[in-house]
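Report on the structure given below.
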Amino acid sequence: MRMNIFRRPSIHKLVMVATTRTRTKRSLAEPETTAPVVTPSTPKRQKTKLEIPTTPLAPAPKISLAESIKLIPKLDPVTKDNSHWDEIYESDFSKGLKYILDVDPSLEDIVHSSEFTSFVKEAATRQESRTNRKCNNCFEHLTRGIIGQQVSGAAAESILKKFKKLFPVEGSEDGKFPSPQEILDTPTEALRSAGLSGRKAEYITCLSTAFKDGTLSDDWLSTASDDDVVDALVAIKGIGPWSADMFLLFALKRMDVFTLGDLGIQRGVSVYLKERPHLAEIIKQVDFSLPINGVHSPGKSKKAGARKAAKSKPDTKGKWRVPTADEMTWVAHRFAPYRSVMMLILWKISDVNTAILDKK
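In UniProt numbering, the protein residues as written are 1 to 360.
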């Protein structure tokens, strides 16, 4: 009996096949609900937070200016002979030079290589004696200072010659330096013809009035304190703190003057500290809010105190840094009561011609 291989499958089998295919599709589309396999893992290490204190660390304690001076290392004393200074210079100035070198022997070379002609002792045998000085009284010195404001030394000398010729004297073509009354009797136009600006002519007239009415006099200026002299001078129109300081130094020969606003002094202090970096480090430890006994720029009035505070910055060529007012104060304090002498040395360090300042 032959089998029919082309026999149709029964309906029952077709239903079974369809059912099987349907279940297969569902099994692929829907995941089985079996429990997931858990893979063991190493627990992560917990990061330990570094606790940073919120309270800032206390700054290093500051010290007073006087205490900072004690931190300066001692240097070997000077070796060069300075006994001849007593014969050359005025007594107070000679003492001041010796005091400066006792405080800082490292200044020995600059001091011994310099000449301070403005403080040469009075002696008829010396050309630089005070009797031969061009400025013979306080009024003339202050007037010269006004004439020399904001002009070169050569320009100031030219104006001064024309100014003196306005006041002729018999037997001389150069004229003379006038008295306060003679200036008050001279018209402003005539004063300006000598090369004075209108403002300078006004300043000289105001100064003449002060000497004429007795507000200022040679006797009073010579005996008054530094503070009183500066306060009286800055009250005169045209005379500022710098001019008053120069008058104290060169006309009255006061030994404890230090002008903070002078560019030459600032440059000298800058070089001085640059060559002595250990001093700059000591200055950083000083609390300048503490009172400094006995050391201040002359003058108690508001105008006298209007000296320009130094601003720390390099000059246009970057060769030196303008010292701060605190640095200037520290250097000045160290050399009191002979700050005038130190100021002259700082001018020498910065190559300032002090002879020009003496004429102003």
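Glycine residues also receive a C-beta, built at the ideal position from the N, C-alpha and C atoms.
Query raised in the report: From this set, Ala210, Phe247, Phe258, Val229, which residue's C-alpha is nearest Lys237's C-alpha?
Result: If we check each option's Cα against that of Lys237, Ala210 comes out closest.
Query raised in the report: Which residues in the same chain as Asp86 place their Cβ atom closer than 8 Å to its Cβ, once the five residues preceding and following it in sequence are excluded?
Result: Ser94
Requested in this report: Specify the secondary structure class of Ile236 as computed by DSSP and reduced to three states.
Outcome: coil
Query - Length of the line joining the Cα atoms of Ile282 and Leu71 - result: 7 Å
Report task. Alpha carbon to alpha carbon, how far is Thr79 from Ser243? Give it in angstroms, no decimals. Result -> 37 Å
Query raised in the report: Looking at C-alpha atoms only, which residue of Asp104, Pro291, Cys206 is the closest neighbour of Glu275?
Result: Considering only alpha carbons, the answer is Asp104.
Query raised in the report: Which residues in the same chain as Ala304 place their Cβ atom closer than 6 Å to its Cβ, once the five residues preceding and following it in sequence are excluded?
Result: Excluding positions up to five away in sequence, the list reads Val230, Asp231, Val234, Pro241.
Query raised in the report: Which class does Ile63 belong to by DSSP, given the choice of helix, strand or coil?
Result: strand
**Report entry** Cutoff 8 Å; reference Cys206; Cβ partners in own chain excluding five residues on either side
**Finding:** Ile236, Lys237, Gly238
Query - Span of the alpha helix (DSSP H), counted from its first residue to its last, around Ala224 - result: Careful: Ala224 lies outside any alpha helix (DSSP H) and carries neither H nor E.
**Report entry** Through-space distance from Lys74 to Asn137, alpha-carbon basis
**Finding:** 43 Å
Requested in this report: Measure the Cβ-Cβ separation of Pro298 and Asp245 and say whether it is below 9 Å.
Outcome: yes
Query raised in the report: Pro178 to Ala194, Cα distance in whole Å?
Result: 13 Å
Query - Where His141 falls, given that 16 or more other Cβ within 10 Å makes a residue buried - result: buried
**Report entry** Cβ-Cβ distance between Asp226 and Asp256 below 9 Å
**Finding:** yes
Query raised in the report: Residue range of the alpha helix (DSSP H) that Glu173 falls in?
Result: Premise fails: Glu173 is in no alpha helix (DSSP H) and is neither H nor E.
Query raised in the report: Between Val331 and Ser270, what straight-line distance do the alpha-carbon atoms span, to the nearest angstrom?
Result: 10 Å
Report task. Please report the residue range of the alpha helix (DSSP H) in which Gly268 lies. Result -> 263-274
Query raised in the report: If you measure from the CB of Pro168, is any heavy atom of the ligand FAD nearer than 8 Å?
Result: Absence of the ligand FAD is noted for the structure shown, with no ligands found whatsoever.
**Report entry** DSSP bridge partner residues for Val120 (one or two, in chain order)
**Finding:** Tyr89
Query raised in the report: Excluding five sequence neighbours on each side, which residues of the same chain lie with their C-beta closer than 7 Å to the C-beta of Pro77?
Result: Pro105
Query raised in the report: Grouping DSSP H, G and I as helix and E and B as strand, with all else coil, what is Val322?
Result: Under the three-state reduction of DSSP, Val322 is assigned to coil, being neither helix nor strand.
Query raised in the report: Are Val286 and Lys62 close, meaning C-beta to C-beta below 9 Å?
Result: In this structure, the beta-carbon distance from Val286 to Lys62 falls below 9 Å.
Query raised in the report: Which first and last residues belong to the alpha helix (DSSP H) in which Ile204 is found?
Result: 198-212
Report task. Would you list the one or two residues that DSSP bridges to Val286? Result -> For Val286, which the question treats as bridged, DSSP gives the partners Ile63.
Query - Gly268 vs Ile345 beta-carbon contact at 9 Å - result: yes
Requested in this report: Determine the extent of the alpha helix (DSSP H) in which Arg339 is found, giving its start and end residues.
Outcome: Unbroken alpha helix (DSSP H) run through Arg339: 339-349.
Query raised in the report: For Ile146, which of helix, strand or coil comes out of DSSP?
Result: helix
Query raised in the report: For Val120, which option in Val169, Ala155, Phe250 has the closest C-alpha, if you only look at C-alpha atoms?
Result: Phe250
Query raised in the report: From this set, Thr223, Ile159, Ser172, Asp228, which residue's C-alpha is nearest Ala201's C-alpha?
Result: Ile159
**Report entry** Buried versus exposed call for Pro337 [16 or more other C-beta atoms within 10 Å across all chains shown]
**Finding:** exposed
Query raised in the report: Going by beta carbon distance, what residues of the same chain come within less than 7 Å of residue 431, once the five residues before and after it are set aside?
Result: Residue 431 is absent from the model: the chain starts at 1 and stops at 360.
Query - Thr143, buried or exposed, once every other Cβ within 10 Å from all chains shown has been counted against 16 - result: Thr143 comes out buried.
Requested in this report: Let me know the secondary structure DSSP gives Thr329 once reduced to three states.
Outcome: helix
Requested in this report: Check whether the Cβ atoms of residue 375 and Ser208 lie closer than 9 Å to each other.
Outcome: This structure cannot settle anything about residue 375, because the visible part of the chain is limited to 1 through 360.
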